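I have placed the structure first, in the form of structure tokens, so that the comments after it can refer back to it.
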Ligand code: TYM
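Residue numbers (the numbering used here): 159 to 491.
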């Protein structure tokens, strides 16, 4: 079946292994299937929901494009563009924010995590960000949205918004209700320093994550320093509930080698962590080092990256502007 794929990544720097294994790796597979139409968006409007340095933001937008391409997304097959250049996203977000309910947004756990203790000081954009995300998806009639586990709740909200819009305005099936594509086993990669915390670009310690721009020595160093426990490698999947760091590292290994967690456990059962870490380093370096080198190479040719964005914006705008015109008509403008 042909799928219409839409997904987005924030250009906030430090794209990491979690972004890669949770989302971008899946983008590449979907891009490689000729039946699919894929759109990958650099969500710069989402990025400014927390403070950004304008100069860095511009670089980070290019770096995100470079990361997509270096990971294997082909800009000739997929549309790659930045959100702020297609005005329908901001317009759509406003209209849909009049459809979404406060009660729905109040339930979003990511806002609670990101806003922290001082909710009063969070931007309104950070609060309403899932509505913008819904606009992103719904403008393109996306049927499938590949994301990591942390975006699951936002996708459920997007589905609710689409259904309410269709019901409220009596336009059955006008907004396509999208399906999430979430890899089951390894959809949440955790910090290398704390197996209970998500690997994240905002974590202060760089040792907590493998960045996609890390070189071989950085990868080796970070895995050697990654937290483990004093026991030998686990024998059974049940042991992992109590051993979060072992679970995370085995999950990363399994995802990189496209094997099941069960098989990875079998391979290393009872061995020392150091032996396992050697193998993990090998897999990581094989996968990440070429991506890292390619990102750096692509970043030297800014005009190439800008041309890709320009081309993508033109194509995305063609689709989104038609949809937003219909949305405005339906609303009564
Ligand atoms: P963002 O930029 O935080 O993350 C980009 C993608 O990476 C995934 N991800 C992870 N997956 C596994 N383990 C982790 N530790 C990890 N950290 C991040 C995220 O789930 C995501 O898929 N709101 C979105 C971007 C967005 C979007 C959209 C996505 C905007 N509009 C429309 C899909 C469709 C976000 O902030 O992702």
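Heads up, the beta-carbon is just placed ideally off N, CA and C, and yes, glycines get one too.
Since the model is a prediction, treat every value here as computed from it, not as a measurement.
Nearest to residue 306 by C-alpha distance, out of 458, 350, 184, is 184. The C-beta distance from residue 300 to residue 315 rounds to 15 Å, too long to fall under 8 Å, and the pair is not in contact. An exposed status is given to residue 432, since fewer than 16 other beta-carbon atoms sit within 10 Å of its beta-carbon. Annotated three-state conformation of residue 289 is helix, per DSSP.
Excluding five sequence positions before and after residue 449, the CB atoms of its chain that fall closer than 8 Å to its own CB belong to 178, 225, 228, 229, 370, given in chain order. Within the DSSP bridge table, the entry for residue 304 names 339 as partners. Three or more Cβ pairs drawn from the segment 241-253 and the segment 195-204 lie within less than 8 Å of each other, which places the two stretches in contact. Residue pairing of residue 348 in beta bridges, as defined by DSSP: 356. It is roughly 21 Å from the alpha-carbon of residue 235 to the alpha-carbon of residue 457. Residue 446 and residue 464 have their C-alpha atoms some 24 Å from each other. If you check the C-beta of residue 380 against the ligand TYM, you find no heavy atom less than 6 Å away.
Per DSSP, residue 369 lies in no beta strand (DSSP E) segment and is marked neither H nor E. Listed as beta-bridge partners of residue 406 by DSSP are no residues whatsoever.
Under the DSSP assignment, residue 444 falls outside any beta strand (DSSP E), being part of the alpha helix (DSSP H) whose first and last residues are 431-457.
Residues of the same chain with a CB within less than 8 Å of the CB of residue 317, apart from the 5 flanking positions on each side, are 335, 336 in chain order.
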